[in-house]
Structures are given as C-alpha cells and as structure tokens.
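Just below is one structure, and these are the notes that go with it.
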Amino acid sequence: LHAGIKFPWFVFFQKDSGLRPPDPPWTMRWAMILLSFICIGIGVYPAPLYAMLPFPVDFAPYTPSHVVSQLQLLLFSGLAFFLMLGWLKRTETITLDVDWLWRKLGPAIFRRLDGEPGEGGETMVGRGRRAVERALQVIYQHNGPGGVLARSWPTGAMA
1 LHAGIKFPWF VFFQKDSGLR PPDPPWTMRW AMILLSFICI GIGVYPAPLY AMLPFPVDFA
61 PYTPSHVVSQ LQLLLFSGLA FFLMLGWLKR TETITLDVDW LWRKLGPAIF RRLDGEPGEG
121 GETMVGRGRR AVERALQVIY QHNGPGGVLA RSWPTGAMA
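Residue numbers (the working numbering): 1 to 159.
Structure (structure tokens):
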C-alpha cells in the first residue's frame, strides 16, 4: 500500500515540473478506456470472472466484514502515510535489487573475461564465440538440407 499511495501523491500532488507531453494516439486512448471499463466491471460484478476459473470459488468480496477490514487497512495505511510524509523525501536514485546482476555483476564479469587475451591473442569471449559457431556448424551438418535427419526414411527403419 505504501507504493500505491506514495506514487500518486508524488506524481499528482507535488510541484509541477512544467512538462507537457502530447496527447496519446487514439488507439492508446481506446485501449485505456476499454481496460478501465473491464477493471471496473470485474470489480463491480466479479461473477463472470469467477465462472471462468477452473475450480469453484467460494468468495464473497462484498460481505460487511470483508469491506470493513479492507477499508480499515486502506484508511490506516493512508493515515500512516500522511503522518510520515515529512520523512518521505523524493529521491532520484536507482534501486538495485535483482537487476544488480545485469547492471553491475554482468558487465564486471564481461570486462574481466574479455579484457586479457589468452593464447594466440584471442579473448575468452572470442573463444566462446568460436565454440558457438562450431556447434552451429555441427547442428547444420546433421539437421541441414543434406544432413542425416533431413533424409526420407522408410517406415521399416523406425522399428
């Protein structure tokens, strides 16, 4: 809920950046309108969605206890957000989670492997590329137009 409250708050209720993007094309507008109607429709009347599921669903989203518990969750999350709003500063940073693997570790490994030539002046990446080319040649030799797997075989040869 933190991101669901923080994102709209910083996008819509903070200082105007002055950027004025052009209107989206009509295809994008129609897609947004269609999907918004679908989302609202599923929220208001979920029975057709439940009917498409492979197993029976025993869930009633609009029972008083469920509505009250969800409203409590939403209202107290909003209250906590606005009470802590002073501590929530907008920062322009890149949060590295799993993408650290391809942002930092991947390029570091690639630089390490590609940096120093080995025997014959060929880098590790060059040797890997050559191995892939050889493997593709072998595959083409067997699976290509003149390969063993491209020939017609009599059905008696299968048994």
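Positions of the beta carbon are idealized from the N, C-alpha and C atoms, including for glycine.
Does DSSP put residue i in a helix, a strand or coil?
i, result
"residue 84", "coil"
"residue 48", "helix"
"residue 141", "helix"
"residue 26", "helix"
"residue 60", "coil"
"residue 92", "coil"
"residue 122", "coil"
"residue 15", "coil"
"residue 153", "coil"
"residue 54", "coil"
"residue 8", "helix"
"residue 20", "coil"
"residue 98", "coil"
Straight-line CA distance for residue i to residue j?
i, j, result
"residue 127", "residue 113", "10 Å"
"residue 71", "residue 106", "44 Å"
"residue 104", "residue 67", "45 Å"
"residue 5", "residue 14", "13 Å"
"residue 7", "residue 80", "15 Å"
"residue 155", "residue 97", "55 Å"
"residue 148", "residue 158", "14 Å"
"residue 64", "residue 84", "30 Å"
"residue 139", "residue 131", "12 Å"
"residue 164", "residue 151", "Any property of residue 164 remains undetermined from this structure, which presents the chain solely from 1 to 159."
"residue 54", "residue 43", "20 Å"
"residue 144", "residue 137", "9 Å"
"residue 111", "residue 123", "11 Å"
"residue 31", "residue 41", "15 Å"
"residue 108", "residue 125", "13 Å"
"residue 82", "residue 61", "28 Å"
Among residues of its own chain, excluding the 5 on either side of residue i, which ones have a beta-carbon nearer than 8 Å to its beta-carbon?
i, result
"residue 59", "50"
At a threshold of 7 Å, does residue i count as lining the ligand SAM (C-beta to nearest heavy atom)?
i, result
"residue 154", "For the structure depicted, the ligand SAM is absent and the ligand set is empty, with no information on it obtainable."
Within its chain, find whatever has a CB closer than 6 Å to the CB of residue i; leave out the 5 residues flanking it on each side and keep chain order.
i, result
"residue 88", "none"
I'd like the list of long-range same chain contacts for residue i, defined as Cβ closer than 7 Å, with 5 residues on each side in sequence excluded.
i, result
"residue 57", "50"
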